[in-house]
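Protein sequence lines, in the order shown, are assigned to chains A and B. For the first sequence, position 15 matches number 42 in the numbering used here, and the numbering has no gaps at all. For the second sequence, position 119 matches number 104 in the numbering used here, and the numbering has no gaps at all. Built from N, CA and C at the ideal position, the CB exists for glycine as well. Computed from a predicted model, the values in this text were never measured in an experiment.
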Amino acid sequence: MTTAARTKSSGTVETNDNGVFSESISYGTFSKWFKRVLTEVLPNRGEYLKVGLHMFRKTGYRLAI
Amino acid sequence: MPVGIPVLCGTVTPHLVGLGRGQRVFRCGNPTKDTDYKDIQDALKNLAYKELGCDSLRLKDLRMLRVFLLAGSSIPLLGAYIIIMIASRLFLRSDEILTLKVEDFFPSLFNRVAHNNSIEALALRIWGKTDHEYKYYWLWVDDEFPELCPVRHLLISFTGVESRLVQCSQRGVR
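Right, dumping it as structure tokens:
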């Protein structure tokens, strides 16, 4: 894995119609998209959730309990 | 007062003066009352750092996310659900999971059940935030809650694909 690939702002994603992706999505883009999805999926709650780097880690702790 | 004798200062800043060579130094007083300590605390408060924090998702939230993301039969959205579940199962940070590729999985290490040849666990490698090399993980099947099992969704996603990122695309998440 290259250093550039691990950078958060790794740029845009190039993909073809088969869904084969060659470049990673940036963390900022993903978090903004995920915030929009949460707002849409979880009414009256999603807009108040704080999306961060550790959100899925904390979710995993709930699954592990 | 003789020089070198410990002074019980209480809340007063101690001043160790007049200590000669070979004389023992004792700690006394409350260091949090020291002006240097107060100055450092004030400087830390004035920094622009602001802790952002983040929340966690409930099981109900994950199920609602799955229904939403898989409703359109879209491969990028399936990839989004997969990376959410892998990150949750392996306690990964978001930036660690976004660069996960198909090549990071090792089919030769997949744990197969002998009697029906079904896969029980996947082996993959992750480069963590504080790691200096790849760390290897098992991703286990969850038969109790199949809708939250990342392995099932991953195997569906892997079908017929040789090399790509295990994630959603910029186009897919718009």
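Close Cβ partners of residue i (< 7 angstroms) along its chain, the five nearest in sequence each way excluded
i                      : result
residue 132 of chain B : 48 and 51
residue 74 of chain A  : 66
Residue from the options with nearest C-alpha to residue i
i                      : options               : result
residue 46 of chain B  : A:84, A:70 and A:80   : A:70
residue 113 of chain B : B:84, B:128 and B:137 : B:84
Test: residue i CB closer than 7 angstroms to a CB of chain B
i                     : result
residue 85 of chain A : yes
residue 52 of chain A : yes
residue 77 of chain A : yes
residue 29 of chain A : Caution applies to residue 29 of chain A, whose pLDDT of 34 falls short of 50 and renders its modelled position unreliable; the model cannot decide the point.
residue 66 of chain A : no
Chain A within 7 angstroms of residue i, Cβ atoms only
i                      : result
residue 139 of chain B : no
residue 20 of chain B  : no
residue 115 of chain B : no
residue 58 of chain B  : no
residue 13 of chain B  : no
Per-residue contacts from residue i into chain A (C-beta, under 9 angstroms)
i                     : result
residue 72 of chain B : 82, 83, 84, 86 and 87
residue 24 of chain B : What residue 24 of chain B touches in chain A: nothing, since even the nearest Cβ is about 32 angstroms away.
Residue i - partner residues in DSSP beta bridges
i                      : result
residue 107 of chain B : B:124
residue 101 of chain B : For residue 101 of chain B, which the question treats as bridged, DSSP gives no partner whatsoever.
residue 90 of chain B  : B:109
residue 96 of chain B  : B:106
Cross-chain neighbours of residue i in chain A, by beta carbon under 7 angstroms
i                     : result
residue 46 of chain B : 69
residue 76 of chain B : 84 and 87
Residues near residue i in its chain [Cβ-Cβ closer than 8 angstroms; skip 5 each side]
i                     : result
residue 79 of chain B : 72
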